[in-house]
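Taking it in order: structure first as structure tokens, then the write-up.
Residue numbers (our numbering), protein chains in the order written: chain A, 3 to 204; chain B, 31 to 284.
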């Protein structure tokens with residue numbers, strides 16, 4: 003009997019000590035760590051990856067794409083400079099444009115519908131870090147870069163798109179959808195598009 | 031008396047016929063000397079250039095994981111171009127030279143992605159075939175070669191084949207190579223006016239082996255140049271390791 007009691011006490015003691023090792027919560031953060039090099043100076047500007055307070059579970063689940071920075075400063079063609087922009091990702095069901103970009107002091111009415119210049123191994127469309135093309139629909143980004151002096155052809159819509167070359171993309175967060183429909187102005191203006199793939203720099 | 035008169039009449043008629051015949055033969059001889067290619071005469075003595083153009087493959091970075099993923103093999107358009115050049119060489123007259131134009135940047139990018147020396151492989155193919163290889167990096171370079179690569183009055187283009195990505199309105203030399211689903215270097219039907227009208231022979235054979243060209247591009251080509259371009263209605267499939275074949279519901283048209 004004593005042996006049985008001793009065994010039961012020992013078992014209880016062992017369970018109390020070792021219990022946390024079974025069914026322990028994962029130590030992995032919600033977002034896998036993505037090793038994207040950040041140049042010094044940008045560290046302070048980085049946004050947290052997960053939005054939020056503990057009070058709102060939905061916000062806790064909201065996954066932000068990581069910030070991305072070009073390995074070297076861009077060298078735009080003569081007459082074009084690298085500037086700050088705000089980007090609004092908008093999924094276009096018909097074509098392959100990325101979304102809208104505008105300068106910070108401009109209204110969204112003045113925004114450009116653009117295709118994003120991606121560099122494998124460098125800056126890519128933020129949705130690629132989230133694995134799903136629509137994952138960042140209506141997200142807004144702080145961006146740095148320039149609008150290129152050429153346009154690209156979208157074979158699915160037979161349209162020419164302006165190109166944004168990014169040097170930096172930082173997520174700001176989700177935003178309300180814009181009142182503008184996704185797509186270049188020529189799609190909605192009902193006027194013949196000026197067919198000139200090489201843009202003239204003003 | 032009557033018999034003699036009839037005999038003289040017959041002889042004079044024959045004389046007239048002989049003179050007319052002689053004049054006709056002399057006239058014909060002079061005409062063919064002046065216009066040797068009249069009435070579809072052969073161009074055997076006139077030099078021609080036969081051109082094969084290869085567009086570039088997509089990057090796997092952009093195409094990986096898509097339901098309709100393009101260019102799993104980098105050499106689809108190269109392999110098909112080689113098959114076409116071999117076919118052309120079987121009927122190549124002495125006065126014809128074959129030129130192969132390849133869009134270089136897309137192969138460079140794919141070579142970096144796959145860590146392969148693709149350009150050397152293409153050069154080796156051209157050397158093995160014994161044809162001239164010309165790289166082009168932009169649409170302007172291609173158009174410039176077509177217009178002025180040779181003196182087109184002396185050496186017009188007698189054959190033109192295109193292997194690469196296309197839709198019904200456009201040849202795309204770098205589809206999904208620089209931009210996902212998009213093309214930076216392309217030749218749209220609205221830009222056909224960049225190509226001079228009279229650089230082709232009247233009987234030139236023109237064919238696009240890309241998808242959908244027969245649905246619109248071929249008609250615009252005929253309107254611009256007056257000579258037909260054979261193109262596909264529907265998709266073309268490059269998996270055969272030779273010339274591409276039509277999809278099940280496709281057909282060739284011009």
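Glycine included, each C-beta is placed from N, C-alpha and C at the ideal position. Keep in mind the model is a prediction, meaning the values are calculated, not measured.
Q. In terms of alpha-carbon separation, which member of A:174, A:108, A:98, A:126 lies closest to residue 154 (chain A)?
A. Numbered from its first residue, the first chain carries residue 154 (chain A) at position 152. Considering only alpha carbons, the answer is A:98.
**Q.** C-beta atoms of residue 188 (chain B) and residue 126 (chain B) nearer than 8 Å
**A.** For the purposes of this step, residue 188 (chain B) is taken as residue 158 along the second chain, with counting starting at 1. For the purposes of this step, residue 126 (chain B) is taken as residue 96 along the second chain, with counting starting at 1. Yes; because the gap between Cβ atoms is below 8 Å, this pair is in contact.
Q: Pull out every residue of the segment 80-91 of chain B whose Cβ sits closer than 8 Å to any Cβ of chain A, in chain order.
A: Answer in chain order: 89, 91.
Q: Could you work out which residues of chain A lie near residue 75 (chain B), taking near to mean beta carbons separated by less than 9 Å?
A: Taking the second chain and counting its residues from 1, one reaches residue 75 (chain B) at position 45. Going along chain A, no residue has its Cβ under 9 Å from residue 75 (chain B), so there is no contact; the nearest lies around 41 Å.
(Q) Just list the residues that DSSP pairs residue 164 (chain B) with in beta bridges. (A) Along the second chain, read from residue 1 onward, the residue named residue 164 (chain B) stands at position 134. B:131.
Q) Out of curiosity, what's the CA-to-CA distance linking residue 40 (chain B) and residue 55 (chain B)? A) Position 10 of the second chain, counted from the first residue, corresponds to residue 40 (chain B). Position 25 of the second chain, counted from the first residue, corresponds to residue 55 (chain B). If you take the alpha carbons of residue 40 (chain B) and residue 55 (chain B), they lie about 22 Å apart.
Q) Quick one: what's got a C-beta closer than 7 Å to residue 42 (chain A)'s C-beta in the same chain, skipping five residues either side? A) Start at 1 with the first residue of the first chain, and residue 42 (chain A) comes out as number 40. The predicted position of residue 42 (chain A) is uncertain, since its pLDDT is 40 and thus under 50; a value taken from the coordinates is nonetheless stated next. Nothing listed; no residue qualifies.
**Q.** Per-residue contacts from residue 213 (chain B) into chain A (C-beta, under 9 Å)
**A.** Within the second chain, numbered from 1, the residue matching residue 213 (chain B) stands at position 183. Within 9 Å Cβ-Cβ: 154, 155, 156, 157.
Q) Would you say residue 148 (chain B) and residue 163 (chain B) are within 8 Å of each other, going by their C-beta atoms? A) Position 118 of the second chain holds residue 148 (chain B). Position 133 of the second chain holds residue 163 (chain B). Contact: no.
(Q) Using 8 Å as the threshold, is the C-beta distance between residue 116 (chain A) and residue 149 (chain A) below it? (A) Here residue 116 (chain A) refers to the residue found at position 114 when the first chain is read from its first residue. Here residue 149 (chain A) refers to the residue found at position 147 when the first chain is read from its first residue. For residue 116 (chain A) and residue 149 (chain A), yes; Cβs fall inside 8 Å.
Q | Per-residue contacts from residue 120 (chain A) into chain B (C-beta, under 9 Å) | A | For the purposes of this step, residue 120 (chain A) is taken as the residue at position 118 of the first chain. For residue 120 (chain A), the chain B residues whose Cβ falls inside 9 Å of its Cβ are 91, 92, 208, 209, 210, in order along the chain.
Q.
Helix, strand or coil for residue 50 (chain A)? Go by DSSP, reduced to three states.
A. To locate residue 50 (chain A), count along the first chain from 1; it is residue 48. In this predicted model, residue 50 (chain A) has a pLDDT of only 41, less than 50, meaning its place in the structure is not dependable; the value taken from the coordinates is given anyway. Coil at residue 50 (chain A), not helix or strand.
Q.
For a cutoff of 8 Å on Cβ pairs, would you count residue 107 (chain A) as touching chain B?
A. One-based indexing of the first chain puts residue 107 (chain A) at position 105. Not an interface residue.
Q | Supposed close pair residue 101 (chain B), residue 87 (chain B) - CB separation, criterion 8 Å | A | Here the question's residue 101 (chain B) lines up with position 71 in the second chain. Here the question's residue 87 (chain B) lines up with position 57 in the second chain. Contact between residue 101 (chain B) and residue 87 (chain B) holds, with the beta-carbon distance rounding to 4 Å and staying under 8 Å.
Q: Specify the secondary structure class of residue 111 (chain B) as computed by DSSP and reduced to three states.
A: Looking up residue 111 (chain B) in the second chain gives position 81. Note: residue 111 (chain B) maps to helix in three-state DSSP.
Q) According to DSSP, is residue 91 (chain A) helix, strand or coil? A) As a position in the first chain, residue 91 (chain A) is number 89, starting the count at 1. Secondary structure at residue 91 (chain A): strand, using DSSP grouped into helix, strand and coil.
Q: Can you grab the Cα-Cα spacing for the pair residue 81 (chain A) / residue 274 (chain B), in whole Å?
A: Here residue 81 (chain A) refers to the residue found at position 79 when the first chain is read from its first residue. Here residue 274 (chain B) refers to the residue found at position 244 when the second chain is read from its first residue. Their Cα atoms are separated by approximately 45 Å.
(Q) What does the Cβ neighbour count give for residue 139 (chain B), buried or exposed, with the cut at 16 atoms within 10 Å? (A) Residue 139 (chain B) sits at position 109 when you count from the first residue of the second chain. Buried, since its Cβ has 16 or more Cβ neighbours within 10 Å.
Q: Flag this pair as touching only if the segment 180-193 of chain A and the segment 209-224 of chain B have three or more C-beta atom pairs under 8 Å; answer yes or no.
A: Not touching, per the Cβ criterion.
Q) Along chain A, which residues have their Cβ under 7 Å away from the Cβ of residue 199 (chain B)? A) The count along the second chain starts at 1 and reaches residue 199 (chain B) at position 169. Result: 160.
Q | Of the listed residues B:49, B:109, B:78, nearest to residue 239 (chain B) (C-alpha basis) | A | Counting from one through the second chain, the residue named residue 239 (chain B) turns up at place 209. Selection B:49, B:109, B:78 evaluated against residue 239 (chain B) yields B:109 as nearest (Cα-Cα).
Q. In this structure, does DSSP put residue 114 (chain A) in helix, strand or coil?
A. Reading the first chain from its first residue, position 112 is the one you call residue 114 (chain A). DSSP places residue 114 (chain A) in strand when its eight states are reduced to three.
Q: Determine whether the Cβ of residue 188 (chain A) lies closer than 8 Å to any Cβ atom of chain B.
A: As a position in the first chain, residue 188 (chain A) is number 186, starting the count at 1. For residue 188 (chain A), the closest Cβ of chain B is not nearer than 8 Å.
**Q.** CB contact check: residue 191 (chain A) to chain B, cutoff 8 Å
**A.** Residue 191 (chain A) sits at position 189 when you count from the first residue of the first chain. Not closer than 8 Å to any Cβ of chain B, the Cβ of residue 191 (chain A) fails to qualify, so no.
(Q) From the DSSP secondary-structure annotation, give me the bridge partner or partners of residue 264 (chain B). (A) Residue 264 (chain B) sits at position 234 when you count from the first residue of the second chain. Beta-bridge pairing links residue 264 (chain B) to no other residue.
Q. Any Cβ of chain A within less than 8 Å of the Cβ of residue 259 (chain B)?
A. Locating residue 259 (chain B) in the second chain gives position 229, where the first residue counts as 1. At a cut-off of 8 Å between beta-carbon atoms, residue 259 (chain B) makes no contact with chain A.
Q | 8 Å Cβ cutoff met for residue 301 (chain B) and residue 196 (chain B) | A | Residue 301 (chain B) is absent from the model: chain B starts at 31 and stops at 284.
Q: For the segment 128-141 of chain A and the segment 65-72 of chain A, state whether three or more C-beta atom pairs, one from each stretch, are separated by less than 8 Å.
A: Yes: at least three Cβ pairs fall under 8 Å.
Q: For residue 263 (chain B), count neighbouring C-beta atoms within 10 Å of its own C-beta (all shown protein chains included) and say buried if the count is 16 or more, exposed if not.
A: As a working note, residue 263 (chain B) is residue 233 in the second chain. For residue 263 (chain B), the number of other beta carbons within 10 angstroms of its own is at least 16, and it is reported as buried.
Q | Cβ-Cβ distance between residue 169 (chain B) and residue 215 (chain B) below 8 Å | A | For this step, residue 169 (chain B) is matched to residue 139 along the second chain. For this step, residue 215 (chain B) is matched to residue 185 along the second chain. The beta carbons of residue 169 (chain B) and residue 215 (chain B) sit closer together than 8 Å.
Q.
One question on the structure: do residue 110 (chain A) and residue 100 (chain A) come within less than 8 Å of each other, judged by their Cβ atoms?
A. The count along the first chain starts at 1 and reaches residue 110 (chain A) at position 108. The count along the first chain starts at 1 and reaches residue 100 (chain A) at position 98. One thing to note: residue 110 (chain A) has its Cβ no nearer than 8 Å to the Cβ of residue 100 (chain A).
Q: Assuming residue 256 (chain B) contacts residue 284 (chain B) (C-beta within less than 8 Å), just tell me the rounded distance between them.
A: Residue 256 (chain B) sits at position 226 when you count from the first residue of the second chain. Residue 284 (chain B) sits at position 254 when you count from the first residue of the second chain. With a Cβ gap of about 13 Å, residue 256 (chain B) and residue 284 (chain B) do not count as contacting.
**Q.** Beta-carbon proximity list for residue 90 (chain B), same chain, < 7 Å, skipping 5 on both sides
**A.** Against the second chain, residue 90 (chain B) aligns to sequence position 60. Hits under 7 Å: 143.
Q.
Which residue marks the beginning of the alpha helix (DSSP H) containing residue 129 (chain A), and which one marks its end?
A. As a working note, residue 129 (chain A) is residue 127 in the first chain. Residues 129-132.
Q.
Please tell me whether, using a cut-off of 7 Å, the distance from the CB of residue 230 (chain B) to the nearest non-hydrogen atom of the ligand SAM is below it.
A. Inclusion of the ligand SAM in the displayed structure is not the case, the ligand content being empty and no account of it being possible.
Q) By the 10 Å Cβ neighbour count, where 16 or more other Cβ atoms means buried, how is residue 36 (chain B) classified, buried or exposed? A) Here residue 36 (chain B) is taken as the residue at index 6 of the second chain, counted from 1. With fewer than 16 other Cβ atoms inside 10 Å of its own Cβ, residue 36 (chain B) counts as exposed.
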